[in-house]
Amino acid sequence: MHQHDTGSRDESHGGGIWVSSWTAFAAVMMIFGGAMAIFQGIAAIVKTDVFVVTRNYAYTFDLTGWGWIHLVLGVLVVLAGIALFRGAMWARITGIALAGLSMIANFLWLPYYPVWAIVLIAVDAFVIWALCIGARDARESRESRESQGARMP
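Residue numbers (my numbering): 589 to 741.
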């Protein structure tokens, strides 16, 4: 039976040159989501009159403060997304943590820009899923290669 290998390498210990397809997907989505958060933050800092705030919402925060939070979080998410291309385990863990923080920040951002916040929450959910499934797939692939190597003379 022929086993299909994606030609990717994802080493948990120090990171490899290549990453699994799910990790690459998560990295691209993190860079995309981080860039959107950066634009969101800049828009909130520069032009606070662009956003319409819902009255009597349970979470009321200063829009400029939220802009800075999204800007800093967006930069960190982009940097973690870039680091994921190396396949390092610390980048995977950091990516999951930052995607979780981004989901919380976008949930609290709902009264200011609901559609954008929901889209970024969905992107962050896909990132967390891809990073978790990518770790499992990489481990299974590595175990499979090791068992095949043990059988070969």
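For glycine and all other residues, C-beta sits at the position ideal for the given N, C-alpha and C.
* TRP717 versus TRP704 - alpha carbon distance -> 20 angstroms
* To do: Would you mind sorting SER596 into buried or exposed? The rule is 16 or more other CB atoms within 10 Å of its CB.
  => Only weak support exists for where SER596 lies, its pLDDT of 44 falling under 50; the value from the coordinates is given anyway. With 16 or more Cβ atoms within 10 Å of its Cβ, SER596 is classed as buried.
* Look at the alpha carbon of ALA671 and the alpha carbon of GLY662, and state the distance between them as a whole number of angstroms. => 14 angstroms
* To do: Quick one: using the 10 Å Cβ neighbour count with 16 as the cut-off for buried, is GLY629 buried or exposed?
  => buried
* Pair within 7 angstroms by beta-carbon distance, GLY655 and ALA623 -> no
* Would you give the residue range spanned by the alpha helix (DSSP H) that LEU672 belongs to? => 651-672
* Closest by CA to TRP610, which one among PRO702, PHE673 and TRP678? -> PHE673
* Considering only residues of the same chain and omitting the five flanking positions on each side of ILE657, which have a CB-CB separation below 8 angstroms? -> GLY629 and ALA693
* **Beta-carbon spacing of GLY669, ALA615 below 7 angstroms** => yes
* Tell me, to the nearest whole angstrom, how far the beta carbon of VAL715 is from that of GLY683; I am working on the premise that it is less than 8 angstroms. => 7 angstroms
* Asked: Taking C-alpha atoms, which residue in PHE695, GLY722 and SER608 lies nearest to PHE649?
  -> PHE695
* By a C-beta neighbour count over all protein chains shown, 10 Å radius and 16 as the cutoff for buried, is TRP697 buried or exposed? -> buried
* Asked: With distances taken between CB atoms, is the gap from MET618 to VAL665 smaller than 7 angstroms?
  -> yes
* To do: Rank CYS720, GLY722, ALA710 and ILE721 by C-alpha distance to the C-alpha of PHE620 and give the top, closest one.
  => ALA710
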